[in-house]
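Okay, so here's the structure we're looking at.
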Ligand SMILES: [Zn+2]
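Numbering (this note's numbering), first residue to last: 4 to 104.
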């Protein structure tokens with residue numbers, strides 16, 4: 004299983020933990036997601052995502068879903084020659100700005 008990528012705002016390693024247990028308001032069924040979150044004290048964004056359900060698919064599947072959601076990133080094309088591939092680290096050339104097209 005691939006681990007979570009660093010926080011996109013501060014670059015620190017996020018934590019993976021179980022979310023708060025809840026119950027479906029309609030049917031009363033329990034649910035509990037897995038949360039991936041940046042809890043670094045000096046991270047100004049403190050992003051987090053929650054996905055999966057321990058009661059519907061198990062913890063491993065929920066973790067995989069939460070990490071996949073956290074790891075989702077936009078593909079930013081910075082090199083006109085196509086040297087970098089999606090998911091690779093890229094060096095941002097500040098003089099050229101960012102082209103999201
Ligand atoms: Zn952060």
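The beta-carbon is built from N, C-alpha and C at its ideal position, and this holds for glycine as well.
Three-state secondary structure assigned by DSSP to residue i
i: residue 21; result: strand
i: residue 110; result: The structure shown has nothing for residue 110, since the chain only spans 4 to 104.
i: residue 48; result: coil
i: residue 54; result: strand
i: residue 63; result: helix
i: residue 99; result: Its pLDDT being 47, under 50, residue 99 is placed unreliably by the model, and the measurement read from it follows with that caveat. The answer is coil: DSSP assigns residue 99 none of H, G, I, E or B.
Own chain, CB closer than 8 Å to residue i, minus 5 neighbours either side, in chain order
i: residue 46; result: 10, 12, 13 and 15
Cβ shell of residue i (< 6 Å), same chain only, five flanking positions each side left out
i: residue 43; result: 13 and 15
i: residue 50; result: 41
Close-in-space but distant-in-sequence residues of the same chain around residue i (CB under 7 Å, 5 per side omitted)
i: residue 3; result: Here the chain has residues from 4 to 104 only, and residue 3 is not among them.
i: residue 22; result: 35, 36, 37, 38 and 53
i: residue 17; result: 7, 10, 39, 40, 41 and 73
Closer than 7 Å to ligand 1: residues, by C-beta to nearest heavy atom, in chain order: 10, 12, 13, 15, 41, 43, 46, 48, 49 and 50
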